[in-house]
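Residue numbers (our numbering): 14 to 302. All residues carry an ideal CB built from backbone N, CA and C; glycine is no exception. First comes the structure, then the notes that go with it.
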Ligand code: NAP
């Protein structure tokens, strides 16, 4: 059996096309959705992510701007800027690109963003709302994965789901979303004693580990839905320099029922859901939801 491939790139494009009319409606009512992305330092990967976020907004008619600081900037300067943006009615979403330099208190910076503009969904208020099953802003990557389940017509209710990874950005919110959807959820981490025991009985496996080709075909149950969140750049071998996920795609393709590729899977969905969250924030402000 060859797995059905859930095409994140195509789904992302379809969703973005659908966003355009919502942006037009908001703009006509004087609430053009606006996102500000704050970047501290010159990390090349972060620079690419930020550029893609800003361009993603502009492509569907939203307002977006990037504010950059030298890596040596003091935290107070950034907090002051966040306070200004919190008060700016033209801005509906504020995002601070992570990671921040070591002299920053990341939690303090994230908590400084108004919960109403926290389109990354990392503010404690929004994490709490998600945990209570009443989410306001869902972190973009797991939100994108939920859309992929919808696209693949995956009924989560009563299913066994295993999330590999427990980060605040991916693993934990992913687990909460699956719990809220009625799945029976196991969350694994680097100390899990027998990972294969868990993954091989799961109907759904979400890999968010950060290790290339970590999940192999022998670890999954035939017919399982395998979601690959990982983005790794291969260091050596014939494919050095190429992107690869946390899943051994070729090995799992013949075993899984559905699978997401890398690239072209979860990645394009993450920015798409950032756009969705910003539009939702503007719609709330405009009284449209
Ligand atoms: P992270 O913060 O480094 O978390 C990795 C998690 O994997 C940790 O919870 C860690 O456990 C767990 N882990 C490590 N080794 C393990 C093992 N042998 N067995 C089981 N669990 C293990 O990473 P992240 O931010 O969640 O990101 C994960 C991956 O997703 C990365 O490749 C990242 O680039 C990618 N990512 C992609 C997108 C996207 O848009 N597609 C967005 C965000 C992240 P401990 O907690 O015990 O250390």
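Q) Cβ of residue 282 within 8 Å of Cβ of residue 166? A) Taking 8 Å as the Cβ cut-off, residue 282 and residue 166 do not qualify as a contacting pair.
Q: With residue 124 as the anchor, note down where its alpha helix (DSSP H) starts and where it stops.
A: Residue 124: member of the alpha helix (DSSP H) spanning 119-125, first to last residue.
Q.
In this structure, how does DSSP classify residue 146 when only helix, strand and coil are distinguished?
A. Of the three classes helix, strand and coil, the one that applies to residue 146 here is coil, per DSSP.
Q | Bounding residues of the beta strand (DSSP E) (the contiguous stretch that carries residue 100) | A | Where residue 100 is concerned, there is no enclosing beta strand (DSSP E), given that its DSSP letter is neither H nor E.
**Q.** C-beta atoms of residue 106 and residue 140 nearer than 8 Å
**A.** No, Cβ-Cβ distance for residue 106 and residue 140 is not below 8 Å.
Q: Leaving aside the five residues before and after residue 62 along the sequence, list all residues of the same chain whose C-beta is less than 6 Å from its C-beta, in chain order.
A: Nothing meets the Cβ criterion.
Q) Taking 7 Å as the cut-off, does the CB of residue 154 come closer than this to any heavy atom belonging to ligand 1? A) Taking non-hydrogen atoms of ligand 1 into account, the C-beta of residue 154 is found less than 7 Å away from one of them.
Q. Thinking just about the alpha-carbon of each residue, which of 41, 44, 111, 157 is nearest to the one in residue 57?
A. Measuring from the Cα of residue 57, the nearest candidate turns out to be 111.
Q. Any heavy atom of ligand 1 within a distance shorter than 7 Å of the CB on residue 61?
A. No.
Q | Three-way DSSP call (helix, strand, coil) for residue 54 in this model | A | Residue state, collapsed to three classes: coil.
Q: Would you mind sorting residue 211 into buried or exposed? The rule is 16 or more other CB atoms within 10 Å of its CB.
A: Classification of residue 211: buried, given that the 10 Å Cβ count is 16 or more.
Q. From residue 240 to residue 290, what does the alpha carbon distance come to, in whole angstroms?
A. Taken atom to atom, the span from the alpha-carbon of residue 240 to that of residue 290 is near 22 Å.
Q.
Using a Cβ distance threshold of 8 Å, determine whether the stretch 134-153 contacts the stretch 249-259, with at least three qualifying pairs required.
A. No, the stretch 134-153 is not in contact with the stretch 249-259.
Q | Same chain, Cβ closer than 7 Å to residue 213, five either side skipped, listed in chain order | A | 232, 233, 234.
(Q) Measuring straight from C-alpha to C-alpha, what distance separates residue 158 and residue 229? (A) Between residue 158 and residue 229, the C-alpha separation is close to 20 Å.
Q. Based on the DSSP secondary-structure assignment, which residues constitute the bridge partners of residue 256?
A. Answer is 246, bridged to residue 256.
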